[in-house]
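Data block below; observations after.
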Amino acid sequence: MKEIKILYLYPDILELYGDYGNIQVLKYRLESRGYNCLLDKYSIGDVEPNFSDYDIVFAGRRCR
10 MKEIKILYLY PDILELYGDY GNIQVLKYRL ESRGYNCLLD KYSIGDVEPN
60 FSDYDIVFAG RRCR
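Its first residue numbered 10, the sequence shown is counted upward by one per residue in the working numbering.
This is the structure in structure tokens:
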């Protein structure tokens, strides 16, 4: 099975417009097409990930 790795940046800070729901829909749609999706979250204070390990890096939108 093919695998897609998604890194969700700062979900606790930038989650304003239902971004987590968007990520869940993306994950669902990829899985329905035969991909295994791994979703990791990264925020301030976490150990910095190796960004090159991920196929998709997503950061939510911050409202001004």
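Glycine included, each C-beta is placed from N, C-alpha and C at the ideal position.
Where residue i and residue j are concerned, what is the direct C-alpha to C-alpha distance, given to the nearest angstrom?
i, j, result
"residue 52", "residue 67", "12 Å"
"residue 45", "residue 63", "13 Å"
"residue 11", "residue 22", "31 Å"
"residue 19", "residue 30", "15 Å"
"residue 28", "residue 47", "17 Å"
"residue 50", "residue 43", "22 Å"
To which residues does DSSP link residue i through a beta bridge?
i, result
"residue 17", "50 and 67"
State the CB to CB distance for the pair residue i and residue j, rounded to an integer number of angstroms; the pair is presumed to be in contact (CB under 8 Å).
i, j, result
"residue 15", "residue 32", "7 Å"
Could you spell out the range, first to last residue, of the alpha helix (DSSP H) harbouring residue i?
i, result
"residue 42", "Taken as a continuous stretch (DSSP letters only), residue 42 belongs to no alpha helix (DSSP H), as it is neither H nor E."
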